[in-house]
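Peer 1: For reference, each letter of the sequence shown is one residue, going 1 to 170 in our numbering.
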Amino acid sequence: MKFLVLALCIFCVSANPHWDNLDEEEIASIKRTWNEVKSKEIEILYHIFKDHPDIMSKFPQFSGKELEELKRTSQFGIHVTRIVSFFSHYILLLGRESSKPCLRTITNDMAEVHKTRGVTKDDFNKFKDSIFKYLKDHVEMDKKVIHAWNDCFDSMYYVIFSNYDGKPVS
Numbered sequence: 001m002k003f004l005v006l007a008l009c010i011f012c013v014s015a016n017p018h019w020d021n022l023d024e025e026e027i028a029s030i031k032r033t034w035n036e037v038k039s040k041e042i043e044i045l046y047h048i049f050k051d052h053p054d055i056m057s058k059f060p061q062f063s064g065k066e067l068e069e070l071k072r073t074s075q076f077g078i079h080v081t082r083i084v085s086f087f088s089h090y091i092l093l094l095g096r097e098s099s100k101p102c103l104r105t106i107t108n109d110m111a112e113v114h115k116t117r118g119v120t121k122d123d124f125n126k127f128k129d130s131i132f133k134y135l136k137d138h139v140e141m142d143k144k145v146i147h148a149w150n151d152c153f154d155s156m157y158y159v160i161f162s163n164y165d166g167k168p169v170s
């Protein structure tokens, strides 16, 4: 009986279905589609802020500026590079057992920074909606690719939202 309980505990800890749920095919789809758009970082953030000006208002350095003017500034370029770099790093690490601690760390760190800036869970969901809209407009996304991206965001947001709830994934 003790063995059964121990085996079940080990299985539950190692399975961790909430944040590590992507298979190889999904990871390949995510990497392929991200590689098609990641160099369009200015366009991506412009699209997000255009869809959700309330998200733009969370950034004091962008406050009171017109989006059309803002997208040509170095501040905008620097911030957009941070976002795309985070996603690129996150996506690069997917699918490697040895990278899981790094994935958790960079995602928890990003959550901490955004939580202190007043970015809400709803803001993250709006961000996801805009990214999906952008991807659908710029890359081929069938049901499998959409499912893969949903799984990717579910995994990422599980870590972020757990952190927001005071229970960082470790």
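Using N, Cα and C, we set each Cβ at its ideal position, and we do this for glycine too.
#1: Should the segment 150 to 159 be regarded as contacting the segment 101 to 111, the criterion being three or more beta carbon pairs within less than 8 Å?
#2: With a threshold of 7 Å on Cβ separation, who are the neighbours of residue 46 within its own chain once the five nearest residues in sequence on each side are excluded?
#3: Counting pairs of beta carbons, one from the segment 77 to 96 and one from the segment 41 to 56, are three or more of them closer than 8 Å?
#4: Taking 7 Å as the cut-off, decide whether the C-beta atoms of residue 21 and residue 151 are in contact.
#5: So, at 7 Å on beta carbons, what are the nonlocal neighbours of residue 117 in its own chain, with the 5 sequence-adjacent residues on each side left out?
#6: Let's test the definition: count the other Cβ atoms within 10 Å of the Cβ of residue 74 and tell me whether it reaches 16, buried, or not, exposed.
#7: Does DSSP classify residue 26 as helix, strand or coil?
#8: Quick check on the DSSP output: what are the complete alpha helix (DSSP H) runs of length 4 or more inside the segment 34 to 75, in order along the chain?
#9: Along the alpha helix (DSSP H) that carries residue 104, what are the first and last residues, could you check?
#10: Please name the residue in 33, 77, 120 whose C-alpha comes closest to that of residue 165.
#11: Under a three-way DSSP split, which group does residue 21 fall into?
#12: Taking the alpha carbon of residue 28 as the reference point, which residue from 95, 169, 115, 139 has its own alpha carbon closest?
#13: Are residue 148 and residue 30 closer than 7 Å when you measure CB to CB?
Peer 2: In short:
#1: yes
#2: 67, 71
#3: For the pair of segments examined, the segment 77 to 96 was found to touch the segment 41 to 56: the number of CB pairs separated by less than 8 Å reaches three.
#4: yes
#5: 58
#6: exposed
#7: The answer is helix: DSSP assigns residue 26 an H, G or I state.
#8: Counting only runs of 4 or more, we get 41 to 51, 53 to 56, 67 to 70.
#9: 100 to 116
#10: 120
#11: coil
#12: 95
#13: yes
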